[in-house]
Amino acid sequence: MDQVVIRRLQPGDAEAVYKISVAITHVPNDLDLRKVVVEQAGRENDASFVAEIDGQVRGYAIITIFSGVFGIKRSAWISLLGVHPRYMGRRIGERLAEEGFRYCKSLGIKDVYTTVRWDSTDLLSFFKTLGFDRSNFINLRKVLD
Numbered sequence: 001m002d003q004v005v006i007r008r009l010q011p012g013d014a015e016a017v018y019k020i021s022v023a024i025t026h027v028p029n030d031l032d033l034r035k036v037v038v039e040q041a042g043r044e045n046d047a048s049f050v051a052e053i054d055g056q057v058r059g060y061a062i063i064t065i066f067s068g069v070f071g072i073k074r075s076a077w078i079s080l081l082g083v084h085p086r087y088m089g090r091r092i093g094e095r096l097a098e099e100g101f102r103y104c105k106s107l108g109i110k111d112v113y114t115t116v117r118w119d120s121t122d123l124l125s126f127f128k129t130l131g132f133d134r135s136n137f138i139n140l141r142k143v144l145d
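At position 138 of the sequence shown the residue is numbered 138 (full-length UniProt numbering), and the sequence of numbers has no breaks.
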């Protein structure tokens, strides 16, 4: 099996992260993901990581640290996590998340959140294996005309 290296997200990872996202969803990303990666990589106390195999980015975890958001204590939010489909099933996503958890814990953060669609059973199962459970949040939506 190939050696997987987990390292901090860098601005130069933007194109690779974008390509992985498109490979997962099969559609160009409406979100300017390249810009998000560059901005995220430049943030202090960022907890985002990539997984490399043979020097190529094959997975990513975009984890943002917030203080005082929604009236909760300092916490981390996994906003994006992806592994190229050809590399799924190798525990790369798990390793990315665990590295993020270790980093957050070193900062004294105790709570990590994420949002998953209720019908994304594969993602729900993945996050459940990482120890996630329901939180006190309810997602609300308003469709604008």
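Don't be surprised by glycine CBs; every beta carbon is placed ideally from N, CA and C. These numbers come from a predicted model, not from an experiment.
| Item | Value |
| --- | --- |
| I'd like the ranges of any beta strand (DSSP E) spanning at least 3 consecutive residues and lying wholly in the UniProt domain "N-acetyltransferase" (4–145). | 4–8, 49–53, 56–66, 75–83, 112–114 |
| Counting only the same chain and skipping the five closest in sequence on each side, list residues whose C-beta sits under 6 Å from that of Arg58. | Ala51, His84, Tyr87 |
| Just how far apart, CA to CA, sit Gly108 and Asp145? | 43 Å |
| Taking residue 150 as the reference, give the member of Leu9, Gly12, Asn139 with the closest Cα. | The shown model of the chain, from 1 to 145, leaves out residue 150, and the question about it has no answer. |
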